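Novice: Counting with the working numbering, you get residues 2 to 633 for the letters of the sequence shown.
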Amino acid sequence: MFYSNSTHLTDTRYLKMLLSMKNISYAIAFIVLILFTGLMESAYAQNDDQSKESLAQQYYQKQEYEKAADLFQELYNNNPQSSSYYRYLYNTLLKLKRYNELLSIVKEKKRQNQDELQYFVDLGYVLLQDGKTKRGQKQYRQAIDNLSADKGEGRRLANSFATYGENKFAIKALKKARKLTEQPYAFSMTLAKLYQKAGKNEKAIGAYLDFIKQHPDRLDDLKDKLQQKLSDEKLLNELQDQLYSRIQDHPQNSKYSELLIWQFIQRKDYESAFRQAIALDKRMNENGFRVLNLARSAMDEKEFSAAVRGYEYIVDEKGKGSSLYFVAKKELLKARKKKVTETENYTQEDLRKLKRDYKNFLTNYASNEDAVQTRIDLAELEALYIHNLDTAITILEEVIENKRGGKKTIAKAKLALGDYYLIRGDVWDATLLYSQVDKAFKDGPLGEKARYKNAKLSYYRGEFEWAQTQLDALKASTSELISNDALELSVFITDNLGMDTSKLAMLMYARADLYIFQNKYNKAMSKLDSLEKYYADHKLADDLAMAKARIHKGKGDYQKAISQLKMITKNHDDDILADNAKFMLAEIYDHKLDNAQKAMKYYESLLFDHKDSVYVVEARKRFRALRGDQVN
């Protein structure tokens with residue numbers, strides 16, 4: 002077979018191309034092999050460095066600094082640009098006091114990084130540690146002299162100084178940075194911390210207040226910082242003095258007044274807080290909302306006199322034209338009622354005056370549905386404190402008949418009316434009202450409350466088994482308080498009923514309990530004394546003590562109440578009533594005797610020894626408040 006010349010040439014070119022492609026493939030494979038080998042070596046080296054670093058850190062933590070230094074030195078030599086290896090080596094050599102080696106390393110680092118001021122500080126610190134004070138401080142001054150108009154650089158330099166506890170130089174660095182950047186209030190929060198560490202409270206407070214001037218929207222951040230300093234009385238006094246001065250110099254800056262008000266609240270000085278709040282309200286021509294909120298906070302803290310002052314300001318100063326007038330007037334009556342009824346330190350004239358004010362308010366707002374709750378409050382005043390039971394019943398019957406105020410408000414009126422019927426002895430009328438509320442609010446808290454009242458009524462009447470059946474159904478109540486009360490009464494019946502087959506002791510105790518509910522304290526005490534006399538060995542000892550404590554507390558005889566409660570905590574600390582007794586003790590010391598230390602003692606005991614108690618939430622709140630934690 003013969004080939005043409007052209008065919009031969011084509012085959013030759015094709016052969017050369019194949020050979021060329023083969024060479025390229027070899028070349029690519031060779032390059033890939035080299036790259037792969039390099040990557041493997043790099044990965045191996047990296048893993049080796051990580052292993053050495055981990056081992057060196059372990060040595061450092063174990064204070065085996067010589068071993069750590071050798072490894073960190075090797076790592077740093079292999080990676081001189083690594084800032085982390087530099088810092089590890091620096092700290093390790095400092096621990097070993099190998100200052101000459103360290104000076105050599107830091108000087109070289111500084112030479113290579115003239116713009117990095119931290120190396121001036123590192124060098125200065127080593128010199129100081131080596132006893133070369135003048136040379137060390139010279140490095141510090143040079144670092145500050147070399148600062149540029151860069152806020153970040155100023156902050157970094159100050160942090161470098163602060164790391165070594167050189168707070169004086171950190172302050173100088175920040176002040177120089179302020180000047181260079183022409184921002185006179187920059188770094189205020191950092192400066193405040195540094196001044197405080199240096200014991201310069203006056204300058205620390207000044208810096209804190211500069212922070213608010215620069216960042217008025219970050220008042221809450223400052224409160225959080227100051228919250229940690231509330232135990233420092235000198236600092237707080239300085240804060241108060243400077244705030245007064247700044248308010249005088251800058252009356253239109255409301256943040257200073259807001260901070261002063263907050264500080265008074267932390268100190269539980271609501272009278273002073275209201276003075277400032279009212280002054281601020283007038284100065285800023287506000288509508289009284291700030292004073293109203295403060296009054297509500299005072300109510301929550303049971304500072305009723307202070308709350309009254311706040312509400313009265315809105316009523317008297319803002320007048321009837323104010324959008325807050327009605328709500329302030331209504332809440333003022335509640336505050337005055339709380340002041341009278343919860344302090345248990347009042348005269349009949351106090352009650353009569355309060356009653357007149359209630360009636361005047363209700364006359365002016367007779368058709369206002371929002372005033373219905375005020376009628377219920379007046380009924381409580383009449384029934385439980387003025388002892389005009391029939392008047393209270395008439396008020397509530399009218400509320401229910403008129404059907405104003407919404408279904409829930411009417412239900413509350415029915416529950417209260419049921420209680421007053423029970424006090425009067427109209428048992429069937431009481432249970433009828435409780436049952437109506439139970440039916441209307443079957444799955445809600447009001448329905449559960451009604452069922453509990455019906456169960457309690459059965460207990461008062463001596464129907465213990467039926468009462469217990471109702472109580473058992475309430476143990477899973479969505480209301481923790483009702484669930485707890487139901488559990489306690491159920492356990493009480495179970496524990497004590499079997500101890501006396503005639504049920505006479507239980508019947509006597511239930512009758513005394515009813516007398517306490519009816520505020521018939523003398524009858525209740527007589528019944529309890531008889532029970533204690535004739536059933537000395539009965540298991541009711543702790544319950545008798547609790548009942549007597551409630552009577553003494555109701556009569557305002559707090560020392561006798563304390564004596565009974567302490568008997569429970571001493572002799573029955575594992576009993577179901579122990580947490581009740583401690584909470585009542587805490588409340589008496591807290592709100593009646595103004596003894597914060599003893600109150601905290603019992604609140605704290607509740608928190609640690611009765612973690613499942615229904616009172617834990619309130620105990621924690623009051624414990625923190627008495628300790629001085631922030632009040633929101």
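Glycine included, every Cβ here is placed at the ideal spot set by N, Cα and C.
As the structure is a prediction and not an experimental result, all values here were calculated from the model.
Just curious, the alpha helix (DSSP H) that R219 is in, first and last residue?
Specialist: Where R219 is concerned, there is no enclosing alpha helix (DSSP H), given that its DSSP letter is neither H nor E.
Novice: Which residue from L532, A513, K534 and D233 puts its Cα closest to that of K524?
Specialist: The residue with the shortest Cα to Cα distance from K524 is A513.
Novice: For Y536, which option in A506, Y559, I552 and Y522 has the closest C-alpha, if you only look at C-alpha atoms?
Specialist: When only C-alpha atoms are compared, the closest one is A506.
Novice: Taking only the alpha-carbon atoms, compute the straight-line gap between K169 and A199 and give it to the nearest angstrom.
Specialist: Cα to Cα, the separation comes out at about 8 Å.
Novice: Straight-line CA distance for K152 to L195?
Specialist: Cα to Cα, K152 sits roughly 17 Å from L195.
Novice: Classify D250 as helix, strand or coil using the three-state DSSP reduction.
Specialist: Note: D250 maps to helix in three-state DSSP.
Novice: Suppose contacts are defined by Cβ-Cβ distances below 9 Å. Is T410 in contact with Q374 by that definition?
Specialist: Yes, they are a contact pair.
Novice: Threshold first: 4 residues or longer. Then list the alpha helix (DSSP H) segments lying entirely within the region 91-134, N to C.
Specialist: Entirely contained in the region 91-134, the alpha helix (DSSP H) runs reaching 4 residues are, in chain order, 100-113 and 119-130.
Novice: What do you get for N455, buried or exposed, if any count of 16 or more other CB atoms within 10 angstroms of its CB means buried?
Specialist: Classification of N455: buried, given that the 10 Å Cβ count is 16 or more.
Novice: With DSSP run on the structure shown, which of helix, strand or coil describes E304?
Specialist: Note: E304 maps to coil in three-state DSSP.
Novice: Can the beta-carbon of E419 be found less than 9 Å from the beta-carbon of L433?
Specialist: Note that residue 419 is Gly in the sequence shown here, rather than Glu. Yes. Within cutoff.
Novice: How far does the alpha helix (DSSP H) with P446 in it reach, from first residue to last?
Specialist: Its alpha helix (DSSP H) spans residues P446 to Y461.
Novice: Enumerate in chain order the residues of its own chain whose CB-to-CB distance from R452 is below 8 Å, with the five nearest sequence positions on each side excluded.
Specialist: Here the set comprises Y435, D439, Q471, A474 and L475.
Novice: With a 10 Å radius around its C-beta and 16 neighbouring C-beta atoms as the bar for buried, classify K338 as buried or exposed.
Specialist: By the 10 Å Cβ count, K338 comes out buried.
Novice: Going straight from the alpha carbon of N520 to that of G311, what length do you get?
Specialist: Answer to the nearest angstrom: the Cα atoms are 32 Å apart.
Novice: So the candidates are Y422, G406 and S52; which of them puts its Cα closest to the Cα of N369?
Specialist: Of the candidates Y422, G406 and S52, the one whose C-alpha sits nearest the C-alpha of N369 is G406.
Novice: When we look at the beta-carbon of D613 and count the other beta-carbons within 10 Å, is it buried (16 or more) or exposed?
Specialist: Counting Cβ neighbours within 10 Å, D613 comes out exposed, since fewer than 16 surround it.
Novice: Report buried or exposed for W263, applying the criterion of at least 16 other Cβ atoms within 10 angstroms of its Cβ.
Specialist: W263 is buried by the Cβ-count criterion.
Novice: Answer with buried or exposed for H388, where buried requires no fewer than 16 other C-beta atoms within 10 angstroms of its C-beta.
Specialist: Classification of H388: exposed, given that the 10 Å Cβ count is below 16.
Novice: Distance, Cα to Cα, S255 vs A296?
Specialist: Roughly 19 Å between the two C-alpha positions.
Novice: Does the Cβ of S306 have 16 or more other Cβ atoms within 10 Å, making it buried, or fewer, making it exposed?
Specialist: Exposed is the call here.
Novice: Our contact map puts L578 next to M547 with C-beta atoms below 8 Å; I'd like the distance itself, whole angstroms only.
Specialist: Correct: roughly 5 Å between the Cβ atoms.
Novice: On the CB-based measure, 16 or more other CB atoms within 10 Å of its CB, does Y134 come out buried or exposed?
Specialist: The question names Tyr, but residue 134 in the sequence shown is Thr. Exposed: under 16 other Cβ atoms inside 10 Å.
Novice: With a CB to CB cut of under 6 Å and the five nearest residues on each side skipped, what residues in its chain are close to Q560?
Specialist: Nothing listed; no residue qualifies.
Novice: Following the continuous alpha helix (DSSP H) through T410, name the residue where it begins and the one where it ends.
Specialist: T410 -> alpha helix (DSSP H) spans K408 to R425.
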